[in-house]
Amino acid sequence: MRALKTLFPLLLALAAMPLVPRRVAAAAGPWESNPQSSLRLISPWQVAPVSPDGELRLGLHFKLAPGWHVYWKNSGDAGFPPVVVFGETLESAELLWPAPERFELRGGLVAFGYADEVVYPVRAKLRPPVGAAGPLRISADVDYLVCADDCVPYRYTLTLDQPLGASPVPPVPDPATAPLVDAWWRRLPVTAAALPGVTTDGVLEQSGPLLEVRLHGARPAPGTAPGLFLESHETFDTGKPEPRVTADGVIFRVPLKARESGKPFPRESTFAWTATGLAGAAGTVSLEARRAVPLSASPAAPSIPAKSAPVLIALLAVAATLAALWLWGLLDAGEEPGAAGSRTRREALGFAAAAVVCGALWGMSRQVSFLGLAWIELLLLAMALCAWLRRRMSRRRTLGFLLALGVAACAAAAPWLAHRNRLTLTTTPRQEDSRT
Amino acid sequence: MKTDRHSSAAAALLLLAGLALASCGPAHAAAVGQAAPAFQLKGVDGKTYSLADFKGKAVVLEWMNPHCPFSNRHAKEHTMSDLHKKYGEVVWLGINSTNPDHDDYMTPEHSLSFNQKVGINYPVLYDETGKVGHAYDARTTPHMFIIDPQGKIAYDGAIDDDPSGRKARAERVNYVDGGLGAEQAGKPIDPASTKAYGCGIKY
Chain F
7 MRALKTLFPL
17 LLALAAMPLV
27 PRRVAAAAGP
37 WESNPQSSLR
47 LISPWQVAPV
57 SPDGELRLGL
67 HFKLAPGWHV
77 YWKNSGDAGF
87 PPVVVFGETL
97 ESAELLWPAP
107 ERFELRGGLV
117 AFGYADEVVY
127 PVRAKLRPPV
137 GAAGPLRISA
147 DVDYLVCADD
157 CVPYRYTLTL
167 DQPLGASPVP
177 PVPDPATAPL
187 VDAWWRRLPV
197 TAAALPGVTT
207 DGVLEQSGPL
217 LEVRLHGARP
227 APGTAPGLFL
237 ESHETFDTGK
247 PEPRVTADGV
257 IFRVPLKARE
267 SGKPFPREST
277 FAWTATGLAG
287 AAGTVSLEAR
297 RAVPLSASPA
307 APSIPAKSAP
317 VLIALLAVAA
327 TLAALWLWGL
337 LDAGEEPGAA
347 GSRTRREALG
357 FAAAAVVCGA
367 LWGMSRQVSF
377 LGLAWIELLL
387 LAMALCAWLR
397 RRMSRRRTLG
407 FLLALGVAAC
417 AAAAPWLAHR
427 NRLTLTTTPR
437 QEDSRT
Chain Y
7 MKTDRHSSAA
17 AALLLLAGLA
27 LASCGPAHAA
37 AVGQAAPAFQ
47 LKGVDGKTYS
57 LADFKGKAVV
67 LEWMNPHCPF
77 SNRHAKEHTM
87 SDLHKKYGEV
97 VWLGINSTNP
107 DHDDYMTPEH
117 SLSFNQKVGI
127 NYPVLYDETG
137 KVGHAYDART
147 TPHMFIIDPQ
157 GKIAYDGAID
167 DDPSGRKARA
177 ERVNYVDGGL
187 GAEQAGKPID
197 PASTKAYGCG
207 IKY
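Protein sequence lines correspond, in order, to chains F and Y.
Heads up, the final residue of the first sequence is numbered 442 in this note's numbering, and it's a clean run with no missing numbers.
Heads up, the final residue of the second sequence is numbered 209 in this note's numbering, and it's a clean run with no missing numbers.
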């Protein structure tokens with residue numbers, strides 16, 4: 007009898023449905039379309055279960071014309087993410103952000119978002135008391151911006167009539183929308199706690215400035231390049247993250263630009279990031295974290311068992327520079343080298359050595375800070391200058407001796423600077439995970 | 007022989023100098039608290055405007071593109087032109103950095119008639135090379151800057167807190183209004199930087 011009582015309104019609603027074609031209860035609301043995009047509200051259920059906590063999964067489904075994109079929670083340099091206000095039939099609803107893509111636009115501008123198709127998962131809560139009195143009308147006011155090179159803002163009110171199943175009515179997943187919602191739900195980032203053996207932290211390096219985000223124990227998913235997306239920060243504009251895979255895990259280096267100059271950096275600032283393209287137990291996963299990141303003024307003891315050896319590379323750069331100078335006859339103070347043929351060969355070898363210097367500097371660029379690299383290059387330049395001056399002033403002995411000392415000092419200082427400016431940073435306490 | 011050796015030494019020096027320069031990269035773009043990059047640009051009215059002419063006055067720079075829905079909405083809602091009226095002693099300059107090769111490019115004559123139609127009576131300058139836009143690191147239309155009378159950038163960011171234009175005008179927090187008010191009262195501008203929203207500039 008009770009079952010019949012609960013069923014009755016539903017049956018009534020089902021019977022009434024063909025008479026009210028505009029309120030067809032289904033797992034997908036009607037599409038709204040424009041030349042750039044189509045969008046609708048979907049749910050994975052033909053008849054949704056009414057769980058004790060009243061939670062209901064929904065999705066905001068976009069299909070985009072080729073070349074157009076909609077936005078992640080941080081839209082990048084331009085644009086804005088969709089703003090959705092749900093109607094009163096839901097107690098609460100939260101739009102969630104699957105792993106985005108990076109779009110590089112003209113003028114060096116960058117956008118973060120989704121192309122082709124996206125379902126923004128929505129975690130909704132039904133308003134109690136939850137009955138099964140016919141389909142629940144869910145409505146959402148959506149403001150969004152769709153961009154290619156140009157941008158067009160749109161505003162729609164989307165609806166979805168969701169049949170609910172109270173206890174005797176079995177939930178029925180929808181064969182068309184359930185896989186879609188599930189696939190995009192799986193693209194939501196997880197916290198480090200959900201990835202065994204993975205922790206994440208970061209360090210803000212004063213010189214640069216530069217943010218280093220580290221995912222200890224993480225591996226890139228096969229065939230994908232890991233990506234990093236930062237939420238917008240009140241103090242810094244963020245540049246393009248450079249991923250690096252080390253024995254310890256995945257590291258991203260992100261150049262920053264302080265929005266206000268002349269202000270000292272706080273000792274700690276909070277950054278929130280989503281790292282994408284990581285290997286998980288069942289395919290590719292993304293990781294999200296919000297961390298208090300300490301400021302490191304002087305990069306000190308390395309925390310990463312570094313395969314990197316900037317000092318060795320600096321020594322190589324110095325040795326190759328000396329070799330080039332010697333081969334070009336700039337190191338010997340007096341005597342003329344031999345026959346013309348052998349001299350040409352020597353000079354050619356000198357250029358080969360110079361190429362080695364270029365290679366070494368390139369290698370170093372990934373392991374020392376930008377400022378450190380600039381200093382090392384200036385030292386090598388000064389070394390060459392000293393050698394050249396010494397060669398020209400070979401008659402003046404004292405000056406020649408001083409210049410030789412200069413060459414030696416530069417040669418010694420370069421590896422020291424490489425060590426001082428190496429990019430492996432101080433160990434930091436790892437914080438507990440907190441969802442963003 | 008000697009010249010031979012000298013030329014190869016010179017080549018080596020050039021190589022290293024080149025590397026040193028390459029690593030320095032582009033100069034840092036402007037930030038709040040730094041001197042506003044100087045510029046001299048032609049306005050749609052045919053006159054040439056130089057930032058240096060306005061020394062001692064507060065200057066507002068507004069990156070604009072009438073074809074961008076955001077710039078267009080603010081133009082039609084008179085967001086900027088009303089502020090320009092409210093702060094009469096403040097110099098207000100619109101800057102259009104759209105590349106002439108882009109569809110959004112509007113000829114200066116067309117721009118002038120658009121301005122008259124929507125009540126924009128402040129100078130609109132053309133930065134067709136994008137050099138000034140890049141010097142300020144302007145990214146969107148509208149992207150707003152306030153330059154204080156000392157010539158320093160005092161605000162960098164959005165016009166208001168309502169990207170979608172959903173709120174009633176009275177409910178919006180207009181950062182430039184707040185900034186100019188603080189500037190007049192001799193108080194520090196807070197917030198001094200926000201995230202500019204809108205269309206990307208068509209450099």
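From the three backbone atoms N, C-alpha and C, an ideal C-beta is built for every residue, glycine too.
What you are looking at is a predicted structure, and each value in this text was computed from that prediction instead of being measured.
- D88/Y and F76/Y have their C-alpha atoms roughly 16 Å apart.
- Considering only beta carbons, the part of the segment 144-159 of chain F lying closer than 9 Å to chain Y consists of D147, D149, Y150, L151, C153, D155, D156, C157, V158 and P159, in chain order.
- Residue burial annotation: K246/F is exposed, with fewer than 16 other C-beta atoms found within 10 angstroms of its C-beta.
- Cβ neighbours of E100/F within its own chain (closer than 6 Å, five residues either side excluded): R129.
- Looking only at S117/Y, R145/Y, P72/Y and K63/Y, the smallest Cα-Cα distance to D83/F is reached by R145/Y.
- For T146/Y, the C-beta contacts it makes with chain F under 9 Å involve D83, A84, G85 and L115, in order along the chain.
- Look at R259/F: its C-beta is not under 9 Å from any C-beta on chain Y.
- Interface annotation for the segment 191-205 of chain Y against chain F: P197, A198, S199, T200, K201, A202, Y203, G204 and C205, criterion Cβ-Cβ distance under 9 Å.
- Taking all protein chains in view, the Cβ of Q373/F is crowded by 16 or more other Cβ atoms within 10 Å, so the residue is classified as buried.
- Note: I101/Y is bridge-paired with W69/Y and L131/Y in the DSSP secondary-structure output.
- Here DSSP, grouped into helix, strand and coil, assigns E383/F to helix.
- For P249/F, the closest of G406/F, A224/F, T197/F and W381/F by C-alpha to C-alpha distance is A224/F.
- Note: T290/F is bridge-paired with A285/F in the DSSP secondary-structure output.
- The continuous beta strand (DSSP E) containing N80/F extends over residues H75 to G82.
- For chain Y, the residues of the segment 89-116 of chain F that bring a beta carbon within less than 7 Å of one of its beta carbons are V89, L111, R112, G113 and L115, in chain order.
- For K263/F, the nearest beta carbon of chain Y is closer than 9 Å to its own beta carbon.
- In summary, the residues of the segment 263-277 of chain F whose CB is separated from some CB of chain Y by less than 9 Å are K263, A264, R265, E266, S267, G268 and K269, in the order they occur in the chain.
- Taking the Cα of M70/Y as reference, the smallest distance to any Cα among T147/Y, D51/Y and M86/Y is reached at T147/Y.
- In its chain, beyond the 5 residues on either side, A33, V178 and D180 have a beta carbon closer than 6 Å to the beta carbon of Q52/F.
- Residues of chain Y with a Cβ closer than 8 Å to the Cβ of S238/F are, in chain order, K201.
- Look at Y160/F here: in three-state DSSP terms it is strand.
- The DSSP-derived three-state label of E83/Y is coil.
- K158/Y is a Cβ neighbour of G39/Y, given a cutoff of 9 Å.
- I153/Y is outside the set of residues whose beta carbon lies under 9 Å from a beta carbon in chain F.
- Comparing alpha carbon positions, the residue from A105/F, L385/F and C364/F closest to V196/F is A105/F.
- Of G85/F, V219/F, A54/F and S371/F, the smallest CA-CA separation from R297/F is found for V219/F.
- Two segments are said to touch when three or more pairs of C-beta atoms, one from each, lie closer than 8 Å; by this definition the segment 358-377 of chain F touches the segment 318-334 of chain F.
- With three or more CB-CB distances shorter than 8 Å, the segment 201-221 of chain F counts as touching the segment 263-280 of chain F.
- I319/F: not part of any beta strand (DSSP E); member of the alpha helix (DSSP H) spanning P316 to L333, first to last residue.
- The DSSP-derived three-state label of N180/Y is strand.
- Contact between D162/Y and R265/F holds: CB atoms are separated by about 7 Å, below the 8 Å threshold.
- Residue range P114 to V124 is occupied by the alpha helix (DSSP H) that includes K123/Y.
- Here K201/Y is buried, its C-beta having at least 16 other C-beta atoms within 10 Å.
- Interface residue (Cβ-Cβ distance to chain F less than 9 Å): G184/Y is not classified as such.
- The beta strand (DSSP E) runs lying completely inside the segment 187-272 of chain F and spanning 3 residues or more are 205-211, 216-222, 233-236, 242-244, 248-251 and 255-264, given in chain order.
- The three-state reading of DSSP puts K137/Y in helix, counting H, G and I together.
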